[in-house]
Amino acid sequence: MGLRGDAAIVGVAEWKPERRPTREPMFSFEQYAELAKEALDDAGIGVKEVNGLCTTGVRESSMFAPATLSEYMGLPVNLAEHVDLGGASSAGMIWRAAAAIELGLCDVVVCATPSGPTPQPPGGPVNPGYLGASSGAFGSPQAEFDIPYGNLAQNCGYAQIAQRYAAEFGYDERALAKIAVDQRTNACAYPPAFFHGQPITVDDVLNSPMIADPLHLLEIVMPCSGGAAVVLASRERALSTNHRPAFLTGFGEHLAFKTPSYAEDLVRTPMKPAADKAFEMAGVARSEIDAAQLYDCYTITVLLALEDMGFCEKGEGARFVNDHDLTYEGDFPLNTNGGQLSFGQPGMSGGMSHVTEGARQIMGRGDANQLESCDTVLVLNNGGIMSEQVALILRGE
Amino acid sequence: MDKPLPVPTPQTQPFWDALAEGRVVLQHCAECDRYVYYPRTHCPGCLTRDLEWHELSGNGVVHTYTVARRPTAPPWSEDVPQLIAVVELDEGPRLTTELVNVEPDAIEVGMRVQPVFQTVGEVTLLLYEPA
């Protein structure tokens, strides 16, 4: 059961995260096309070879996004997926693309997340509203039972999870801060990262403003603009591309709720079943992971991932962080591009940045942050508020 | 900026009607022997439509919370700190709520709380305070 490991990431494209966009505004379709072309060029694959595409929501098309993309780019496809898993959408796209390739539906699939500036309509920008990932539509459970109490956006839910964790297991705030610090060290070795050149200390993190107890400002991602794409190809095609392919040998996906208030357990997350499935499918042990690219919208997300994905016992996450050097030079390289906390969170490309960095490390195309040897990478994408979880195992041969 | 308020649906109306009378009613599934929150047509888990409304005390404990020092959205910009909690009712279900009549530093996970029925416009919200 599961993947044979016969589909690989062979090309990547990633735009530098920016707080104040300097990139020319383009509609999402245009950005998708641009990112797809860059990733295909990177792989050395012709545009006409593409016969599958995956996307997340597209700003200009709330419905029929895949068909509109296919039409816009002039690419007939055998697979057209719209993946709606929040921050887990990128990893969700990757395994769907690989599965379609292994089933023989497709040879080359593009997965892209346009997250750059878009042109403003005549008359000025449309206010995007403040509901974020919550639905305010009539009949939506969030509209009726969560939003009226101020429980919306992301900080509140993650803070509640961290607070519950503290009550059950204790809370070593310096260990949580060390996650942000070690990742910043990685960003300082990776020039495209937003916070390149700006090292921080544990005290810097703990002295930054408290946003929602117990989360400090420097434990929270900074939204920015950017964009990313990857190209996957069949084994046969992958072996004649420009780089060492990163084969997808295992994946897992799990979710059970939207709002953590209704989760069976706030601190034992759906990451565990997703990771267990991925490791089992790949036939890989935790000790074989050369680099972990774990979704890090908040430091608490990483702490729970280390526990629930099986790198330490439940409640031992802080000890694990204190006992290991999480930098690219350390004994447990984590988020080697700085993670979203230090690379930046360019919208949906934030989740994709864990995929692109995992592939780059296997391809040996990192900057100063390149690991000496990297054959096996774990990627975790997390959506919503610790709800959607997708784990991937990438391997170089 | 006005705060968004709940708009009851045909399925949830009995819950909101009870709050307006200072009572908490929830649906119970006999098959699963569990209470359901939030109200809905089908039991989460067994998907039966055979759910019965029961009146509860509404009492519970703070399962978790946060003190939002920055507003979670513009309508709450005058309301920081927001004390946004998850309360676990004595009968089992958890719900999203706000804590009132308590200092932020006094909130603890596990503390007992009781309902505060706050009418805003045409609906009554279910808030909580220390018991």
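Protein chains in written order, with our numbering: chain A, 33 to 429; chain B, 63 to 193. Virtual Cβ for every residue (Gly too), placed ideally from N, Cα, C.
Query	Result
With a threshold of 8 Å between beta-carbons, can residue 68/B be considered close to chain A, or not?	yes
Rounded to whole angstroms, what's the CA-CA distance from residue 49/A to residue 385/A? Just pull it up for me.	10 Å
Would you mind giving the Cβ-Cβ distance between residue 377/A and residue 255/A, rounded to the nearest angstrom? I have them listed as a contact below 8 Å.	6 Å
Inspect the beta-carbon positions of residue 128/A and residue 171/B and report whether they are closer than 8 Å.	no
CB-CB under 7 Å to residue 292/A, same chain, minus the five flanking residues each way: which ones, in chain order?	189, 192, 193, 298, 417 and 418
Residue 270/A: which of 425/A, 134/A and 69/A sits nearest, CA to CA?	134/A
Tell me the residue span of the alpha helix (DSSP H) that contains residue 98/A.	97-105
Name, in chain order, the residues that DSSP records as bridge partners for residue 143/A.	86/A and 262/A
Rounded to whole angstroms, what's the CA-CA distance from residue 108/A to residue 101/A? Just pull it up for me.	10 Å
Consider the Cβ of residue 330/A: report whether some Cβ of chain B lies at a distance smaller than 8 Å.	no
So the candidates are 220/A, 78/A, 247/A and 409/A; which of them puts its Cα closest to the Cα of residue 206/A?	247/A
So which residues on chain A does residue 130/B lean against when the C-beta distance must stay under 9 Å?	182, 187, 188, 191, 243, 244 and 245
Cβ of residue 109/B less than 8 Å from any chain A Cβ?	no
Leaving out the 5 sequence neighbours to the left and right, which residues in its chain are closer than 6 Å to residue 366/A when beta-carbon positions are compared?	324 and 358
Kindly list the residues whose CB is nearer than 6 Å to the CB of residue 120/B, restricted to its own chain and excluding five residues on each side of it in sequence; keep chain order.	86 and 177
Can you tell which of 45/A, 374/A and 75/A has its C-alpha closest to the C-alpha of residue 237/A?	374/A
Taking 8 Å as the threshold (beta carbon to beta carbon), is residue 196/B in contact with chain A?	Here chain B covers residues 63 to 193 and nothing more, so residue 196/B does not appear.
Run through DSSP, which three-state label would residue 153/B get?	coil
Could you check where the alpha helix (DSSP H) with residue 406/A kicks off and where it finishes?	Where residue 406/A is concerned, there is no enclosing alpha helix (DSSP H), given that its DSSP letter is neither H nor E.
In angstroms with no decimal places, state the Cα-to-Cα distance between residue 92/A and residue 99/A.	13 Å
Between 76/B, 158/B and 82/B, which lies nearest to residue 183/B when the distance is taken from Cα to Cα?	82/B
Against chain B, which members of the stretch 312-339 of chain A pass a CB distance test of less than 9 Å?	none
Give a yes or no on whether the C-beta atoms belonging to residue 408/A and residue 332/A are separated by under 8 Å.	no
Based on Cα-Cα distance, which residue from 70/A, 280/A, 86/A and 362/A lies nearest to residue 34/A?	280/A
According to DSSP, is residue 48/A helix, strand or coil?	strand
Given a limit of 8 Å on CB to CB distance, which residues of the stretch 294-313 of chain A reach chain B?	294 and 298
For residue 94/A, does the three-state DSSP call read helix, strand or coil?	coil
The ligand COA heavy atoms versus the CB of residue 289/A: any closer than 7 Å?	Ligands displayed in this structure: none; no statement on the ligand COA is therefore possible.
Cβ atoms of residue 180/A and residue 155/B: under 8 Å apart, would you say?	no
Whose C-beta lies closer than 7 Å to the C-beta of residue 436/A among residues of the same chain, with five residues either side of it excluded?	Since the first residue of chain A shown is 33 and the last is 429, residue 436/A is not available in this structure.
Hey, how far is the Cα of residue 192/B from the Cα of residue 174/B?	6 Å
Under 8 Å, Cβ to Cβ, is there at least one residue of chain A near residue 187/B?	yes
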